[in-house]
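Student: Residue numbers (this note's numbering): 8 to 301.
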Ligand SMILES: NC(=O)c1ccc[n+]([C@@H]2O[C@H](COP(=O)([O-])OP(=O)(O)OC[C@H]3O[C@@H](n4cnc5c(N)ncnc54)[C@H](OP(=O)(O)O)[C@@H]3O)[C@@H](O)[C@H]2O)c1
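Encoded structure:
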């Protein structure tokens with residue numbers, strides 16, 4: 008998996024297409040999608056056009072998509088996977104992730120709520136039930152690897168122990184304000200790729216992009232604060248996802264180079280701790296706008 012990944016969590020359909028093409032042109036070869044982002048069709052269209060225009064082979068890119076919470080029931084997994092593949096115009100996936108470890112009421116409503124506005128969870132299916140259905144996708148040769156997203160170490164451990172096919176990737180929020188060191192160590196020890204989302208602190212200000220340690224290092228090494236944050240993530244042994252929405256940002260976010268050791272140490276000493284996305288506690292996406300039910 009290429010360490011630098013392009014994330015497709017982009018609400019606007021037209022921007023999804025231009026940004027995905029821009030990322031491909033800038034050199035990104037790893038694309039992170041999800042049925043929940045409701046734009047797999049646009050990503051598929053952009054990838055197909057970009058691959059043809061750039062003379063790039065399907066095998067040269069790495070594509071991930073994710074199973075949504077309302078499809079955790081084993082009988083819903085393969086149909087959800089096939090629907091994603093169809094929308095992405097692909098015949099295999101490099102990686103399929105369980106988007107969150109929370110099962111929602113099964114069905115086509117992605118955001119099921121009760122009369123009080125609370126999420127309707129599904130306690131009739133376990134993580135392992137869903138995982139086994141994902142394992143059979145690998146057995147059928149439809150996807151090359153499977154993994155988990157928005158999972159804590161506590162919940163990962165029992166699944167890791169029971170899984171016949173071990174998770175290849177764990178995708179979680181991570182940046183200098185949320186280094187997730189214990190989870191990273193577990194992943195390194197067990198050969199799991201730790202894939203960081205929100206490596207720029209989701210662009211929030213104030214946030215890591217404006218942290219004085221980061222801006223001072225950026226000035227010293229002649230890079231932008233975003234490039235410093237992305238380089239730190241790669242140098243500590245994680246892969247990452249970023250979502251540049253225009254060509255200039257795509258080039259900037261792809262053009263990273265190693266930081267000196269003392270800069271890494273200074274970033275590792277940052278004391279601020281902040282989680283930006285509560286999805287790990289609820290399964291409800293923090294960064295995706297809620298779409299009212301029809
Ligand atoms: N598993 C999950 O639950 C989960 C949750 C969230 C995200 N993700 C994945 O992770 C991907 C990354 O999402 P993210 O929000 O973490 O992306 P990100 O790139 O860390 O943050 C996006 C924000 O950063 C800004 N930005 C991007 N490049 C910049 C630069 N060079 N300088 C300054 N600001 C910059 C963007 O601003 P503009 O809008 O102005 O361009 C945007 O506001 C998503 O697309 C998705 O694939 C997964």
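Where a beta carbon is used, it is the ideal one built from N, C-alpha and C, also for glycine. Here the structure is a predicted model, which means the values were calculated and not measured.
I'd like the list of long-range same chain contacts for residue 117, defined as Cβ closer than 7 angstroms, with 5 residues on each side in sequence excluded.
Tutor: The residues are 43, 75 and 77.
Student: DSSP state of residue 211, grouped into three classes?
Tutor: Three-state DSSP puts residue 211 in coil, outside helix and strand.
Student: Among the residues of its own chain, which have a CB less than 7 angstroms from the CB of residue 91, if the five just before and after it don't count?
Tutor: Excluding positions up to five away in sequence, the list reads 42, 47 and 72.
Student: Rounded to a whole number of angstroms, what is the C-alpha to C-alpha distance between residue 215 and residue 115?
Tutor: Residue 215 and residue 115: Cα-Cα distance of roughly 37 angstroms.
Student: Less than 8 angstroms separating the Cβ of residue 107 from some heavy atom of ligand 1?
Tutor: Yes.
Student: Between which two residues does the beta strand (DSSP E) holding residue 28 run?
Tutor: Premise fails: residue 28 lies in the alpha helix (DSSP H), 20-33, not in any beta strand (DSSP E).
Student: Once the 5 residues before and after residue 280 are set aside, which same chain residues still bring their CB inside 8 angstroms of it?
Tutor: Counting only Cβ-Cβ distances below 8 angstroms, and skipping sequence neighbours, we find 184 and 185.
Student: Assuming the contact rule is C-beta atoms closer than 8 angstroms, residue 154 and residue 195 should be a hit. Round their C-beta distance to whole Å, please.
Tutor: Wrong, their Cβ atoms sit about 15 angstroms apart, outside the cutoff.
Student: With a threshold of 8 angstroms, establish whether the CB of residue 256 neighbours any heavy atom of ligand 1.
Tutor: Within the cutoff, so yes.
Student: Would you grab the beta carbon distance between residue 127 and residue 110 for me? Rounded to a whole angstrom, and I think it's under 8 angstroms.
Tutor: About 10 angstroms; that fails the 8 angstroms criterion.
Student: Is the closest heavy atom of ligand 1 to the C-beta of residue 49 under 8 angstroms?
Tutor: No, the beta carbon of residue 49 sits no closer than 8 angstroms to any heavy atom of ligand 1.
Student: Would you call the region 135-154 and the region 46-66 in contact, with 3 or more CB pairs under 8 angstroms?
Tutor: Not touching, per the Cβ criterion.
Student: If contacts are defined as beta-carbon pairs under 8 angstroms, then residue 79 and residue 129 qualify, I think. What distance do you get, rounded to the angstrom?
Tutor: At roughly 7 angstroms, the Cβ-Cβ gap stays under 8 angstroms, so residue 79 and residue 129 are in contact.
Student: Is the Cβ-Cβ distance between residue 303 and residue 201 less than 9 angstroms?
Tutor: The chain is shown only over 8 to 301; residue 303 falls outside these bounds and no answer can be derived.
Student: Within the present structure, is the beta-carbon of residue 294 separated from the nearest heavy atom of ligand 1 by less than 8 angstroms?
Tutor: Residue 294: yes, Cβ under 8 angstroms from ligand 1.
Student: Thinking C-beta only, is residue 106 closer than 9 angstroms to residue 169?
Tutor: Against a cut-off of 9 angstroms, the Cβ pair of residue 106 and residue 169 comes out as no contact.
Student: With a threshold of 8 angstroms, establish whether the CB of residue 40 neighbours any heavy atom of ligand 1.
Tutor: Yes, since a heavy atom of ligand 1 falls inside the 8 angstroms radius drawn around the Cβ of residue 40.
Student: Would you please state the rounded distance, in angstroms, between the beta carbons of residue 53 and residue 247? I believe it to be under 8 angstroms.
Tutor: Rounded, the Cβ-Cβ distance is 21 angstroms, inconsistent with contact.
Student: Look at residue 258 and residue 33 and say whether their C-beta atoms are less than 9 angstroms apart.
Tutor: Contact flag set, yes.
Student: Would residue 274 pass as a contact of residue 237 if the rule is Cβ separation under 9 angstroms?
Tutor: Contact flag unset, no.
Student: When the Cα atoms are used, what is the spatial distance from residue 207 to residue 268?
Tutor: Spanning the two alpha carbons is a distance of roughly 20 angstroms.
Student: Just to confirm the assignment, what range does the beta strand (DSSP E) spanning residue 179 have?
Tutor: Its beta strand (DSSP E) spans residues 176-180.
Student: Rank 112, 255 and 69 by C-alpha distance to the C-alpha of residue 95 and give the top, closest one.
Tutor: For the residues 112, 255 and 69, the minimum Cα distance to residue 95 belongs to 69.
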